[in-house]
Every structure is written in C-alpha cells, then in structure tokens.
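Numbered per my numbering, the sequence shown spans residues 5 to 210.
Notes to accompany the following structure.
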Amino acid sequence: MRPELLLLIVKVLTGSYLIGSIPFGAMAGKIYGVNLLEKGSGSTGTTNVIRNIGFWPGLIVLLCDIGKGAFSAYLGLIVLHDPIYVVLAGIVAMVGHSHSIFLKFKGGKAAATGVGVLLIMNWQVFLIVAGIVILTLILTRYQSLASLLGSGATPVLLYFFETDLVYLVVAVLGVVFIWIKHIPNIKRLLAGTENKIGSKKPAKKK
5 MRPELLLLIV
15 KVLTGSYLIG
25 SIPFGAMAGK
35 IYGVNLLEKG
45 SGSTGTTNVI
55 RNIGFWPGLI
65 VLLCDIGKGA
75 FSAYLGLIVL
85 HDPIYVVLAG
95 IVAMVGHSHS
105 IFLKFKGGKA
115 AATGVGVLLI
125 MNWQVFLIVA
135 GIVILTLILT
145 RYQSLASLLG
155 SGATPVLLYF
165 FETDLVYLVV
175 AVLGVVFIWI
185 KHIPNIKRLL
195 AGTENKIGSK
205 KPAKKK
C-alpha cells in the first residue's frame, strides 16, 4: 500500500470518528439544562433525548445522528472509492457516537448513526428499515425494540437485495455492536420494565 493512500485512509477514518463523536444529544441537553449522561439510560441518543427533553429536540437529534453516519460513509465513498472504506468509515463513526472523545468516551447506542451508514450502502434497504422502525414505534412505543428489529432486519434485507458482500459482512458486525449496546434494554424488555416513548414528562428549555 502506497504511503499516500495509507495517509488518506487514516485521515478519512480519523475524520469519521470525530464526526461520529459530535454529541448532538448532549448539546441538546445542554440547551435544556439536562445532563443526559445522568438521566434515564445515561445515553445521549434519540430515545433518552425524547424521554427527558421532548419529541422535537429528539427528532432533530435523530436526524443529526443519521446525518453523521451518512456523511462519514459518503466521505469514504467519494475519497477512497471502495465499498470497504464506505463501511469502515461508517463503523468508525458509530464507534465515535457511542464512545465520543468529547464525552470522555461515553455516548449513545449508534442505531441512528448506523441507519445513516445504511442510507449510503443501499437506499432501498434504508427505506424498508425505516418503515420497520416507524411501524414498531407506532405499535409498541418501544424505541429500543424498534432499533433492535430494524438493525436485525438489515443484513437479511441486504442479502435479498444482493448487496456487495463487504456491506453484508460489516452489516452483521454492526448489528452485533448495536445489540451489545442494547443489552440493558433487552433485559428490561424481557422483564416488562422498559420505558415507552412518552412515558416521562420532558424538560423545559432554559
């Protein structure tokens, strides 16, 4: 591998990590005077934002977190022109979201950022997964269940759409990462103690 290419890869992956590390959820919490790392699940992701701040701030955070994943994956695509770097940049952004350098390596659970990566990998699968997530939310109001079902369906859908094998393999790894981050939620779902969207009064903006 040429030194120039290696340096370019390092730059893209470093940039993707820093992009993924941007703590939009924590920033929203700062605006509303809520430290999300000390509230609810301790996550800076969409669910905890909605639960402790409100729906609209949560929606904005969701879109921003999806954007982080999409931008990072697209960066890998346009700079390095290879599927492997698309998914590597996306995975690194997911790691940045969950272990942000700006939050002492804490953060969210990377589901939304992973959805953004999926948008660049295969937009048809992105739309189907988005439908699964929305339908699950409407029927159950469990954000964690929606994330688990949406992420779990992703490799299966990528297979049926005959997506690049690299995307399929890394999608499986991404699902494992997301499910590991959701282990506490899985335990609460099985115990019937998981909170639903709208189960807590949101904070007022300061």
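Idealized CB from N, CA, C, for every residue including glycine.
Remember, it's a predicted structure, so these values are computed and weren't measured experimentally.
Of all the options A157, V137 and V96, which has the alpha carbon lying nearest to the alpha carbon of T51? V137
Presumed contact (8 Å Cβ cut-off) between L17 and A93, rounded CB distance: 6 Å
Helix, strand or coil for S104, going by three-state DSSP, please let me know. strand
For K15, does the three-state DSSP call read helix, strand or coil? helix
Kindly list the residues whose CB is nearer than 6 Å to the CB of Q147, restricted to its own chain and excluding five residues on each side of it in sequence; keep chain order. T51 and I201
What's the C-alpha gap between N56 and M5? 48 Å
Give every residue of the same chain whose Cβ lies closer than 8 Å to the Cβ of G154, excluding the five residues on either side of it in the sequence, and list them in chain order. A115, V119, V133, A134, I136, V137 and T140
Return the chain-ordered list of same chain residues with a C-beta closer than 6 Å to the C-beta of S151, the five sequence neighbours on each side being excluded. A115
So, under 8 Å CB-CB, G24 and H85 are touching, yes? Tell me the CB distance rounded to an integer number of Å. With a Cβ gap of about 21 Å, G24 and H85 do not count as contacting.
Distance between beta carbons of V179 and G196, contact taken as under 8 Å: Not really, about 24 Å apart at Cβ, beyond 8 Å.
On the three-state DSSP scale, how would you describe K110? strand
Contact defined as beta carbons within less than 8 Å: I believe V99 pairs with Y171. What is the distance between those atoms, to the nearest angstrom? Not a contact, Cβ separation roughly 18 Å.
Under a three-way DSSP split, which group does Y146 fall into? coil
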